[in-house]
Every structure is written in structure tokens, then in C-alpha cells.
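*Asks:* In my numbering, the protein residues as written are 2 to 329.
In this text, a Cβ means the ideal position worked out from N, Cα and C, and glycines have one as well.
(1) DSSP three-state call for residue 222: helix, strand or coil?
(2) What did DSSP end up calling residue 304 once you bin it into helix, strand or coil?
(3) So residue 195 is in the alpha helix (DSSP H); what residue range does that whole segment cover?
(4) Could you tell me which uninterrupted alpha helix (DSSP H) segments, each at least 4 residues in length, are contained entirely in the stretch 68-104, listed from first to last along the chain?
(5) I need the DSSP call for residue 133, collapsed to helix, strand or coil.
(6) Does residue 217 pass the burial test, meaning 16 or more other C-beta atoms within 10 Å, or should it be called exposed?
(7) Using only alpha-carbon positions, find the residue among 236, 240, 38 and 253 that is nearest to residue 247.
(8) With which residues is residue 247 paired in a DSSP beta bridge?
(9) Among 182, 89 and 282, whose alpha-carbon lies nearest the alpha-carbon of residue 65?
(10) In chain order, what residues of the same chain lie with their CB nearer than 6 Å to the CB of residue 197, ignoring the 5 residues before and after it?
(11) Put residue 269 into one of helix, strand or coil per three-state DSSP.
(12) On a CA-only basis, which of 282, 319, 302 and 312 is nearest residue 27? Give me that one, please.
(13) Going by DSSP in three states, residue 294 sits in which element: helix, strand or coil?
(14) What are the residues that DSSP puts in a beta bridge with residue 122?
(15) Could you spell out the range, first to last residue, of the beta strand (DSSP E) harbouring residue 16?
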């Protein structure tokens, strides 16, 4: 059992700058040992600004570094599986950005690799650990609105929305790199929360999917959970205005929230109440703290590959892909 988690980051780009990177050296019993980026000037700059002693332009060298026992993979999705398998084969724990992989077939390969090894793997569905979404879970588990009947996600975004991260090369619109389009960039967090809240999946159904240009798409689908909750989701990236909402309906009321906001609205027996929360400076830090705890053997896995594989499968079905992962 490790006494300290020594990290290496593969892909120290925009996400690692504030959202995640600093949490690896600000978390107890956790250190950031080395970082990797193919651009030498940029990786040196990142290392200097964050006080990281070592840097490299080679992912293989980072994984082979004897000081590193855990690897954060923050590259575009097309290389997630390759780097994760390299790290697993080297006996290193992995923390993988979303979307975990490109499709369900890759998810099965990664799941088999983790199950056949002694390493630990966590997927960065970090919204699970943010205060606003923990409040939703608490309200659900406290039976505030009675038996849950349904949940609905409605995401509408214009072409110039600020919710999608911008990069020099817009790889998010290239299916070979991202797995799809903008849907594959933001939906993993949203669908994961539905699975986190409602548990095992009974049935998945594709509702419709219309391509509208190379970078945008409409996606919609439905999931029936084994506890009887009906979930429907709609993502439109060619909308006239931005909308971001989720509504969970129960027998006695509803819970509403935004995936990019900090407020939860509870309507119970005709009365409305709001709860407001501020996110931490580094939004992935609560998840990374739980991941470090898991790697050290102090708490359960905050998000397993198996859980993320179900999210990947749901996304595949919603997008019309036919591959199905093995349930066992």
C-alpha cells in the first residue's frame, strides 16, 4: 500500500491549469512529480509556474518514471485508452479525464485491463463531489419529494456558447479525436450524474439524432432505471439561445438545477426553497482528494471504470452506435 501518491500528468493543457492541476500538489499525501506535453516550451512553462521539478515531452518516459506511482491522463479522448493501458501495464494507478474513451468497445478493453491488474483507476466525473450536486443527492436520499417519477435534461447551446471549452485546434468537433461532437464533451458529466443518482440501468433508447454540420449535433434519448425512474435527455447545439436545466420530478414536488450553475431549487408540497453553493477554486479538487484517498486505501472508488463504461454505453446508444459492453 502506498503511503503517498506521486503524480505525473500527461497533457498539461487548459484543463490542468486551474480545474485540476493544482489539486494534485495541494491535496494531503499527494505530490505532483512530473508533467508531460508534446510542446516543449509549454510544458516547461507549466512546470515552472506550478513548481513541478520534472517535465518531459514523452508520455512513455513519464509513465516509466520510477518516482511516479499514479498518472493523470488529460489528453484528448483518442489517446486515453493507449496511455491508460501503458500506465496499467507499468503498474501505475490512473485518473482519466472524461469522456473516458471514444466508445463502448474501448471501454470494455479498459475495464478488462483494470480487472486483470492490481492497479486502481478512477474516472474524472468530478461533479459528483461538488456541493450543488451533492445537495441534489442528499435531497433525493432524504425522500424530500417522495418517490421519484422522472428526470429530464434539456441542454440548448448556440454556436458561440461559452460553456464549451475553446482550444487552438478544435478537436472536440473531430469524431476521430473526441468520439463525436460537443455532445461527447459535456454529456458524460450530465449522464453520469443521472446514473449516480438513480443507480442501475434497465433499458436505453435512442430518440433521435440529426447532424447539423461538422461541429454540431442534436442528440436525444431515454433511459429507464431499474428503480422505475424515467430519464429523458435532449442536447441541441444549434439553438437560438442557451439553456441548461435538469428537473427531477417526484410525487410530492421537484428538484431543479443547472449543470453550470450553483443553485438547487426544491419545490415541495407547493412551497419553494433555494440552496446556493460556491464551487472550490479548483473544481476537481474534491474528486482528486477522494481519488487520492481511494489510491491510499482510505475510501471507496469515487467513480469506477465500470460506472463510466455504462455512461459510455448510454452515449453510444443515444448516438446510434450498436456495440454493447459485457455486463459481467
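*Replies:* On the basis of the supplied data:
(1) strand
(2) coil
(3) 183-199
(4) 81-90
(5) helix
(6) A caution first: residue 217 carries a pLDDT of 48, below 50, which makes its placement in the model unreliable, though a value can still be read off. Buried is the call here.
(7) 236
(8) 154 and 258
(9) 89
(10) 129
(11) strand
(12) 282
(13) helix
(14) 95
(15) Premise fails: residue 16 lies in the alpha helix (DSSP H), 15-18, not in any beta strand (DSSP E).
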